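So that you can map any letter, position 162 of the sequence shown is 163 in the working numbering, and since no number is skipped, the others follow by simple counting.
Data block below; observations after.
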Amino acid sequence: MDAIVEKWGRIDILVNNAAATWTGNIKEMKPENWETCVRSKLDSSFYLIYNVLPHMLKQGYGRILLASSEGQLGLEGMCAYSAACGGVAAMTRGIAQELAHDGISINAYTPNAGTRSWFNMLAEYRAEGIDPTYIEAAAPPAQKFPPDRMIPVLGYMCTKEFDASGLVVKLGADGEVSLWTNMDKYNTMFKDLWKDGAWTVEELRERMPEELLKDVVLTKSVLAVNKGSYD
């Protein structure tokens with residue numbers, strides 16, 4: 002960062018698009034698999050911000066964009082990657098509040114496109130004798146288009162006029178631009194613990210299925226695949 006400032010005078014924009022993944026069941030995961038995902042995405046975001054922030058604070062201006070992923074929702078076979086992506090989203094929202102009066106905005110985005118990693122994964126399946134046709138068919142439309150289609154949106158989010166901060170933007174190469182929610186609560190159940198005492202297992206057994214879990218639908222991700230389940 003110091004070298005950049007020495008050459009160009011200032012740093013206005015930081016975009017961290019780095020990521021590495023490991024796909025597999027948690028029962029097979031090793032610590033190094035976890036570190037591959039967390040270091041490449043979550044740790045890299047922190048250390049880049051840590052080193053660029055003094056320069057942006059000094060000039061009173063900056064735009065920071067961090068790549069998260071739909072993995073923030075929790076993808077089967079990618080728990081470490083999902084944790085890193087969720088961490089980026091949460092960190093973005095937290096830092097945005099801390100920099101609200103410093104002229105620095107920070108936002109995250111979840112890109113989806115036909116990237117090199119996507120095609121490499123399909124090629125790996127083929128090399129192992131696994132037909133990925135049905136995986137390709139189930140993939141989101143965005144993965145049929147090249148990633149450069151997303152660049153104008155990121156470019157606009159780096160302009161001075163785009164001063165929103167703390168957003169997590171869903172960005173697809175098929176033209177979709179959406180906002181992710183801040184994990185809003187729903188189906189709340191309540192008991193006055195001061196008046197009526199603590200929850201009991203019997204009360205929870207009676208109320209939770211009807212009040213808390215009534216709209217919960219368990220889904221299976223189609224974005225990440227545990228290859229072992231298709232052998």
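Even glycine gets a Cβ: it sits at the ideal position worked out from N, Cα and C.
Model, not experiment: these values are computed from the prediction.
Among all the DSSP beta bridges, which residues are the ones paired with Pro148? Per DSSP, none; premise fails for Pro148.
**Report entry** Burial state of Leu172 (16 or more Cβ within 10 Å)
**Finding:** Looking at its Cβ environment, which holds 16 or more other Cβ atoms inside 10 Å, Leu172 is buried.
Beta-carbon proximity check, Leu15 vs Val53, cutoff 9 Å = yes
Would you mind sorting Asn17 into buried or exposed? The rule is 16 or more other CB atoms within 10 Å of its CB. buried
Reducing DSSP to helix, strand and coil, say where Thr134 ends up. helix
Could you check where the alpha helix (DSSP H) with Gly87 kicks off and where it finishes? 80–99
Rounded separation between Pro142 and Ala19 - CA only = The alpha-carbon atoms of Pro142 and Ala19 are separated by roughly 23 Å.
Residue(s) in a DSSP beta bridge with Gly173 = Answer is Asn113.
Exposure label - Tyr157; buried when at least 16 CB within 10 Å | exposed
Unbroken alpha helix (DSSP H) run spanning Val202, endpoints
202–208
Exercise. With Ile65 as the anchor, note down where its beta strand (DSSP E) starts and where it stops.
Key: 63–68
> DSSP beta-bridge partners for Val16?
Replying inline: According to DSSP, which records beta bridges pairwise, Val16 is partnered with Leu66.
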